[in-house]
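*Asks:* I have a structure here, written as structure tokens, and I will follow up with some questions on it.
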Amino acid sequence: MRDSECVEFLQWALPLLARRWPGFRKVRRTICKRIARRLQALNLPGPRDYREYLERNSGEWSVLDTLLPITISSFYRDKAVFDFLRGTVLRRIADEATERGDKMLRVWSIGCASGEEPYTLMLAWRLDIEPFARNVELRVLATDVDAAVLERARIACYPGGSLKLLPPAWRELAFTREGDYYCLRADYRAGVDFALQDIRHALPPDKFNLILCRNLAFTYFDEALQRRTLERLLTRLESGGVLVIGRRESLPPTTELTAWRGDLGIFHKSLRSF
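For the sequence shown, the positions run 285 to 558 when our numbering is used.
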């Protein structure tokens with residue numbers, strides 16, 4: 285399948301799935317390989333034949349939808365963001381929880397893939413924040429649409445390349461070496477819960493002090509779906525809570541969020557200044 289054929293197909297199909305082509309441009313080769321395997325499974329010669337197949341078989345759209353998620357992840361991915369989360373955001377929300385007398389802080393990691401993002405947050409909490417906030421517990425809910433990556437997240441064993449951005453001391457304290465993999469110790473996995481969930485169709489029942497939705501909705505969804513997604517996220521974000529998106533993403537217009545570090549994609553739902 286030629287690249288031009290796949291691009292033509294994606295530019296036709298993505299809007300019909302409430303996705304935007306610009307978000308997929310740089311990752312199209314990954315998607316095209318998945319589509320090529322699907323064409324082979326269906327014994328179809330090329331993308332134009334697949335288009336005709338989709339037009340005749342409405343159930344195939346849900347299959348195509350499963351080929352689109354991009355799972356690129358590593359511990360401490362985007363160092364500047366995690367430095368600020370670790371040094372400022374987690375400390376601030378922990379202090380505020382202590383002032384309110386709250387015993388628990390809740391975090392939601394959306395599109396968590398193999399668990400690197402939520403586990404990085406838990407490592408930051410356990411190693412940097414918890415010693416100064418012993419009366420506050422952190423619970424992290426991590427969700428994704430892919431059951432296979434969630435199973436890898438629960439196992440929590442990673443190749444060395446996934447850990448290269450972690451502070452070396454964290455790697456030594458929190459992981460054990462098992463062959464070619466580094467496995468996160470059980471006490472650092474505690475407090476992180478994984479769930480199969482699609483942000484487009486379902487929400488967790490709880491409200492959260494911190495929500496991370498990075499490099500997902502505001503990259504790949506079309507404008508209408510981005511607006512609906514933001515509205516849904518705001519219903520789950522506590523007053524004074526923090527929303528983190530990708531550094532290169534932008535939010536639909538809203539009056540409920542104020543940039544805390546807009547250059548890092550970090551916003552807060554609060555009238556107070558930080």
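Think of the CB as a built atom: it goes at the ideal place given N, C-alpha and C, for glycine as much as any other residue.
Over the uninterrupted beta strand (DSSP E) stretch that includes D428, give me the two end residues.
*Replies:* 421 to 428
*Asks:* Assuming contact is defined by CB atoms lying nearer than 7 Å, are L480 and A431 in contact in what I supplied?
*Replies:* yes
*Asks:* Using the beta-carbon count (16 or more within 10 Å), is P489 buried or exposed?
*Replies:* exposed
*Asks:* What are the start and end residues of each continuous alpha helix (DSSP H) run of 4 or more residues lying completely inside the segment 339 to 385, in chain order?
*Replies:* 344 to 350, 363 to 368, 374 to 384
*Asks:* Tell me the rounded alpha-carbon separation between I392 and L369.
*Replies:* According to the sequence as given, residue 392 is Trp; it is not Ile. So the alpha carbons of these two residues sit roughly 14 Å apart.
*Asks:* If you run the structure through DSSP and keep just helix, strand and coil, what is S398?
*Replies:* coil
*Asks:* Under DSSP, the beta strand (DSSP E) around T560 begins and ends at which residues?
*Replies:* Here the chain comprises residues numbered 285 to 558, so residue 560 is not present and cannot be evaluated.
*Asks:* DSSP on L500, reduced to helix/strand/coil?
*Replies:* coil
*Asks:* What's the C-alpha gap between L352 and E383?
*Replies:* 44 Å
*Asks:* Around the Cβ of N419, are there at least 16 other Cβ atoms within 10 angstroms (buried) or fewer (exposed)?
*Replies:* So N419 counts as exposed.
*Asks:* Compare the Cα-Cα distances from R361 to each of R498, Q295, D349 and report the closest residue.
*Replies:* R498
*Asks:* Let me know if L294 comes out buried or exposed under the rule of 16 or more other beta-carbons within 10 Å of its beta-carbon.
*Replies:* buried
*Asks:* So who's on the other strand from D477, going by DSSP bridges?
*Replies:* L425
*Asks:* Taking the alpha-carbon positions, what's the M388 to A381 distance?
*Replies:* 8 Å
*Asks:* In terms of DSSP beta bridges, what is L527 paired with?
*Replies:* I495, F551
*Asks:* With a threshold of 16 other CB atoms inside 10 Å of the CB of P331, please say whether the residue is buried or exposed.
*Replies:* Of the residues assessed, P331 falls on the buried side of the cut-off, its CB having 16 or more other CB atoms within 10 angstroms.
*Asks:* Based on the DSSP output, what are the partners of P443 in its beta bridges?
*Replies:* Y465
*Asks:* Does the Cβ-Cβ distance between L517 and I495 come in under 7 Å?
*Replies:* Note that the C-beta distance between L517 and I495 is below 7 Å.
*Asks:* Under the rule that 16 or more other beta-carbon atoms within 10 Å means buried, what is R313, buried or exposed?
*Replies:* exposed
*Asks:* Between the C-alpha atoms of A508 and L487, what's the straight-line distance to the nearest angstrom?
*Replies:* 18 Å
*Asks:* Using three-state DSSP, classify A543 as helix, strand or coil.
*Replies:* strand
*Asks:* Enumerate, from N- to C-terminal direction, the unbroken beta strand (DSSP E) stretches of 3 or more residues contained entirely within the segment 291 to 317.
*Replies:* Whole beta strand (DSSP E) segments, 3+ residues: zero.
*Asks:* Start and end of the alpha helix (DSSP H) containing R516?
*Replies:* From DSSP, the alpha helix (DSSP H) with R516 extends over 507 to 519.
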